[in-house]
Amino acid sequence: MVRAIRGAIQVEGNDREAILAGVTELVTEVMGRNRLTTDDVISVIFTATPDLTAEFPALAARKLGFHDVPLICASEIDVPGALPHVVRLMAHVETDRPRQEIQHVYLRGAVALRVDIAQ
186 MVRAIRGAIQ VEGNDREAIL AGVTELVTEV MGRNRLTTDD VISVIFTATP
236 DLTAEFPALA ARKLGFHDVP LICASEIDVP GALPHVVRLM AHVETDRPRQ
286 EIQHVYLRGA VALRVDIAQ
């Protein structure tokens, strides 16, 4: 089966190292909580709030070994009052786990985005 996994993290600011560290933490948590390997991942879409331009979030995934996984980065809609410094992801994965067992991961300040599904 193909499942989609959502996640987000609020990083410290528009700094290359902060973005890479935050995305590394997010991807590692998504993979660990869902017991996935890179072979299970079909593709990942990353978005960043418009205030994050210092680095592509996908670079962190590449550094984690996502060499053969299609990755893309995009900018989130610039909604007034939205939470700043947030990187989001949607990973499409192959798994036998039922939908209700998928672990969506929201870290740091991004927990406020989806209190209903954040673990």
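Numbered per the working numbering, the sequence shown spans residues 186 to 304. Virtual Cβ for every residue (Gly too), placed ideally from N, Cα, C. Computed from a predicted structure; not experimentally measured.
The beta carbon of ASP200 lies closer than 8 Å to those of ALA239 in the same chain, with the five residues before and after it left out. Distance between PHE241 and SER260, taken at the CA atoms: about 10 Å. Straight-line measurement puts the Cα of LEU292 at about 24 Å from the Cα of PRO255.
Within the DSSP bridge table, the entry for MET275 names ARG191 and ILE230 as partners. Residue range 201-218 is occupied by the alpha helix (DSSP H) that includes ILE204. Taking C-alpha positions only, MET275 is separated from GLU197 by approximately 21 Å. Annotated three-state conformation of VAL264 is coil, per DSSP. Closest by C-alpha distance to CYS258, out of HIS270, THR232, VAL272 and ILE227, is THR232. Under the three-state reduction of DSSP output, ALA246 falls in the helix class.
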